[in-house]
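S.K.: Note that the protein sequences, when read in sequence, are chains D and V. The first sequence begins at 10 in my numbering and counts up by one. The second sequence begins at 10 in my numbering and counts up by one. Glycine is no exception: its CB is placed at the ideal position from the N, C-alpha and C atoms. Since this is a predicted model, take the numbers as computed values, not measurements. Below is a structure I'd like to ask you about.
Protein chains: 2
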Amino acid sequence: IAKGAGMIAPDMATMLAFFFTDARIKSKTLGRALSEAVDGTFNSIMVDNDMSTNDTVLAFANGLSGGAEIKAGRGAAGFTGLLRDVALKLAQMIVKDGEGATRFVEIDIRGAASQKEARLAARTIASSMLVKTAFFGGDPNWGRIMAALGRAGIRMNPARVDIFFGAVPVVRQGLDAGNERRAAAVMKKKEVKVRVELHMGRGVHKLWTTDLSHNYVKINSSYRT
Amino acid sequence: IAKGAGMIAPDMATMLAFFFTDARIKSKTLGRALSEAVDGTFNSIMVDNDMSTNDTVLAFANGLSGGAEIKAGRGAAGFTGLLRDVALKLAQMIVKDGEGATRFVEIDIRGAASQKEARLAARTIASSMLVKTAFFGGDPNWGRIMAALGRAGIRMNPARVDIFFGAVPVVRQGLDAGNERRAAAVMKKKEVKVRVELHMGRGVHKLWTTDLSHNYVKINSSYRT
Numbered sequence: 010i011a012k013g014a015g016m017i018a019p020d021m022a023t024m025l026a027f028f029f030t031d032a033r034i035k036s037k038t039l040g041r042a043l044s045e046a047v048d049g050t051f052n053s054i055m056v057d058n059d060m061s062t063n064d065t066v067l068a069f070a071n072g073l074s075g076g077a078e079i080k081a082g083r084g085a086a087g088f089t090g091l092l093r094d095v096a097l098k099l100a101q102m103i104v105k106d107g108e109g110a111t112r113f114v115e116i117d118i119r120g121a122a123s124q125k126e127a128r129l130a131a132r133t134i135a136s137s138m139l140v141k142t143a144f145f146g147g148d149p150n151w152g153r154i155m156a157a158l159g160r161a162g163i164r165m166n167p168a169r170v171d172i173f174f175g176a177v178p179v180v181r182q183g184l185d186a187g188n189e190r191r192a193a194a195v196m197k198k199k200e201v202k203v204r205v206e207l208h209m210g211r212g213v214h215k216l217w218t219t220d221l222s223h224n225y226v227k228i229n230s231s232y233r234t
Numbered sequence: 010i011a012k013g014a015g016m017i018a019p020d021m022a023t024m025l026a027f028f029f030t031d032a033r034i035k036s037k038t039l040g041r042a043l044s045e046a047v048d049g050t051f052n053s054i055m056v057d058n059d060m061s062t063n064d065t066v067l068a069f070a071n072g073l074s075g076g077a078e079i080k081a082g083r084g085a086a087g088f089t090g091l092l093r094d095v096a097l098k099l100a101q102m103i104v105k106d107g108e109g110a111t112r113f114v115e116i117d118i119r120g121a122a123s124q125k126e127a128r129l130a131a132r133t134i135a136s137s138m139l140v141k142t143a144f145f146g147g148d149p150n151w152g153r154i155m156a157a158l159g160r161a162g163i164r165m166n167p168a169r170v171d172i173f174f175g176a177v178p179v180v181r182q183g184l185d186a187g188n189e190r191r192a193a194a195v196m197k198k199k200e201v202k203v204r205v206e207l208h209m210g211r212g213v214h215k216l217w218t219t220d221l222s223h224n225y226v227k228i229n230s231s232y233r234t
């Protein structure tokens, strides 16, 4: 169960998620599985960049399944994978439910110099108001993505960067790939995937976010907590 | 001369500022004066958080004033102060000219544990979309400011925090000061000052920013670069 992006208010518990399982698993093992499951899911979503100070993810296990105990280490890999699948689904549902969201956007960074830089690149793109308003307008404005990468504080060489909107290459080695019309068609869809290939190393990170719409401003400027 | 916040597009030179003086001053001394002058001015403004990769501030001196040469060190203090005054005025004009801006907001952080944390606190508040939409709505929503402080990664104790909108105390030691109506009147003005007293140390930072309006979204979602 998860609730999320419609109540990002400071005096309320905001993003809340609860997992319930009848698996037989010790608290510590469950905790570790949960940490692994949230890393690329609940910790990889952004709606308005305002991290709440009250976010909570909890997992409960009552052991009533009757199955064998799930042991720590390799034995927990299958369970952790399933927990991760559910976490990913819930986390993405929170983004789709984001305030004023009209598009669901995946930012997929590949080839960064490190994992940390891949995450930083994804977060910088996803938190850019210029990028998010371009998504709202259905505008294949790759220049704003390049600019976000340029100020992200990561190692990069613009001449090596490839960018794809869906399957359409829009930037090849830092230059316009000449697919404006096809890219515009991709950007008008409800779900958009943006892939950036930095060609600097092996760092990868996926993150899910929304556009920035008139409705976001309306909701957050006119309601009084 | 400065131009700014209406052309934050990735393939254009964006924030540009030029200083011209007939003072007699060596290039190195002028460069140092300029660095000092931009620190609390051009480097303390935010409109939409999207730092351009093309911002430029240049100073030119032709020495035609006929006055004595302005020497490095203490001798340059007066000149640097004047340069700073002009820089502050220009920087604030850029913010007032910000895309879609309806309000000019000063964020004044005092009593942070360090200068660095004061700056971080100011930047976190000024880049919060929740805070900026509240400014647009003229909403004295101090909870959003507290939440931004809470996630800023600074040392703080909520029970010590005081917040003022203009001269009106809205938070006293972390709690509502009961001045809702007076605070709302302040927030409806074109220029709003927000002062945060953290009571943790001597770190101070001032920053100038705008609200986040419908027009910002309109401008940036509908124009095509």
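Which term fits G75 (chain V), buried or exposed, when burial requires 16 or more other beta carbons within 10 angstroms of its beta carbon?
M.R.: G75 (chain V) comes out exposed.
S.K.: Three or more C-beta pairs under 8 Å: does that hold for the stretch 164-180 of chain D against the stretch 80-87 of chain D?
M.R.: Touching, no.
S.K.: Classify L207 (chain D) as helix, strand or coil using the three-state DSSP reduction.
M.R.: Coil at L207 (chain D), not helix or strand.
S.K.: Could you give the DSSP three-state label for V170 (chain D): helix, strand or coil?
M.R.: If DSSP states are grouped into helix, strand and coil, V170 (chain D) belongs with coil.
S.K.: If you reduce the DSSP assignment to three classes, tell me which class A131 (chain D) lands in.
M.R.: Note: A131 (chain D) maps to helix in three-state DSSP.
S.K.: State yes or no: is the C-beta of I208 (chain V) within less than 7 Å of the C-beta of R128 (chain V)?
M.R.: The question names Ile, but residue 208 (chain V) in the sequence shown is His. No, Cβ-Cβ distance for H208 (chain V) and R128 (chain V) is not below 7 Å.
S.K.: Determine whether the Cβ of N52 (chain V) lies closer than 7 Å to any Cβ atom of chain D.
M.R.: Answer no: the Cβ-Cβ gap between N52 (chain V) and chain D never drops below 7 Å.
S.K.: Residues in the stretch 38-64 of chain D with C-beta within 8 Å of chain V's C-beta atoms, listed in sequence order?
M.R.: Correct list: D57, N58, D59, M60, S61, T62.
S.K.: Along chain V, in chain order, which residues have C-beta atoms closer than 8 Å to that of A156 (chain D)?
M.R.: Here the neighbours are P19, D59, S61, T62.
S.K.: Check whether chain V comes within 7 Å of H223 (chain D), counting only Cβ atoms and requiring the distance to be less than that.
M.R.: Judged by the 7 Å Cβ criterion, H223 (chain D) is in contact with chain V.
S.K.: G159 (chain V) CB to nearest chain D CB: under 7 Å?
M.R.: Yes, contact with chain D.
S.K.: For S137 (chain D), tell me which candidate among D:A161, D:D148, D:H223, D:G72 has the shortest Cα-Cα distance.
M.R.: If we check each option's Cα against that of S137 (chain D), D:A161 comes out closest.
S.K.: Looking only at its own chain, which residues have a Cβ that is under 6 Å from the Cβ of A81 (chain D), when we skip the five neighbours before and after it?
M.R.: Excluding sequence neighbours, A81 (chain D) sits near T38.
S.K.: Could you list which residues in chain D have their beta carbon closer than 8 Å to that of M138 (chain V), in chain order?
M.R.: Under the 8 Å cutoff, chain D gives D57, N58, D59, M138, L221, Y225, N229.
S.K.: Output yes if chain V places a C-beta closer than 7 Å to the C-beta of F145 (chain D); else output no.
M.R.: Yes, contact with chain V.
S.K.: In the DSSP output, which residue or residues are listed as bridge partners for P178 (chain V)?
M.R.: P178 (chain V) is bridged to V:F173.
S.K.: Bridge partners of D220 (chain D), per DSSP?
M.R.: DSSP, once it has assigned bridges, lists no residue as partnering D220 (chain D).
S.K.: Mapping the DSSP letters down to three states, classify T65 (chain V) as helix, strand or coil.
M.R.: If DSSP states are grouped into helix, strand and coil, T65 (chain V) belongs with the strands.
S.K.: Using only CA atoms, which one of D:R181, D:G147, D:L184, D:A186 lies nearest to S222 (chain D)?
M.R.: Looking at the Cα atoms, D:G147 is the closest of the given residues.
S.K.: Can you look up A193 (chain V) in the DSSP assignment and give me helix, strand or coil?
M.R.: If DSSP states are grouped into helix, strand and coil, A193 (chain V) belongs with the helices.
S.K.: Give me the Cβ distance between E115 (chain D) and V56 (chain D), rounded to the nearest whole Å; I'm assuming they're in contact under 8 Å.
M.R.: Contact flag wrong, Cβ pair sits at about 14 Å.
S.K.: In terms of alpha-carbon separation, which member of D:K227, D:D220, D:R33, D:G159 lies closest to K199 (chain D)?
M.R.: The option with the nearest alpha carbon to K199 (chain D) is D:D220.
S.K.: Could you give the first and the last residue of the continuous alpha helix (DSSP H) run that contains R41 (chain D)?
M.R.: It spans 36-48 - the alpha helix (DSSP H) in which R41 (chain D) sits, taken as one unbroken run.
S.K.: Name the chain V residues whose beta carbon is nearer than 7 Å to that of T89 (chain D)?
M.R.: Those do not exist, as T89 (chain D) stays about 28 Å from chain V at its closest Cβ, beyond 7 Å.
S.K.: Going along chain D in order, which residues have a C-beta closer than 7 Å to the C-beta of T142 (chain V)?
M.R.: Ordered by position in chain D, the residues that pass the 7 Å Cβ test against T142 (chain V) are V226, N229, S230.
S.K.: State yes or no: is the beta carbon of W151 (chain V) nearer than 7 Å to at least one beta carbon in chain A?
M.R.: No chain A is present in this structure, whose protein chains are D and V.
S.K.: Exposed or buried, what is F28 (chain V) when buried is set at 16 or more other beta-carbons lying within 10 Å of its beta-carbon?
M.R.: Flag for F28 (chain V) reads buried.
S.K.: Based on the DSSP secondary-structure assignment, which residues constitute the bridge partners of T30 (chain V)?
M.R.: Answer is V:A70, bridged to T30 (chain V).
S.K.: Taking just the CA atoms, how far does N71 (chain D) sit from R204 (chain D)?
M.R.: Their Cα atoms are separated by approximately 41 Å.
S.K.: Are the C-beta atoms of K12 (chain D) and some chain V residue less than 7 Å apart?
M.R.: Answer no: the Cβ-Cβ gap between K12 (chain D) and chain V never drops below 7 Å.
S.K.: State yes or no: is the C-beta of L216 (chain V) within less than 7 Å of the C-beta of A157 (chain V)?
M.R.: Cβ atoms of L216 (chain V) and A157 (chain V): not closer than 7 Å.
S.K.: Taking only the alpha-carbon atoms, compute the straight-line gap between L73 (chain D) and R33 (chain D) and give it to the nearest angstrom.
M.R.: Straight-line Cα distance between these residues: approximately 7 Å.
S.K.: Tell me whether I10 (chain V) is buried or exposed, calling it buried when 16 or more other Cβ atoms sit within 10 Å of its Cβ.
M.R.: Result: exposed.
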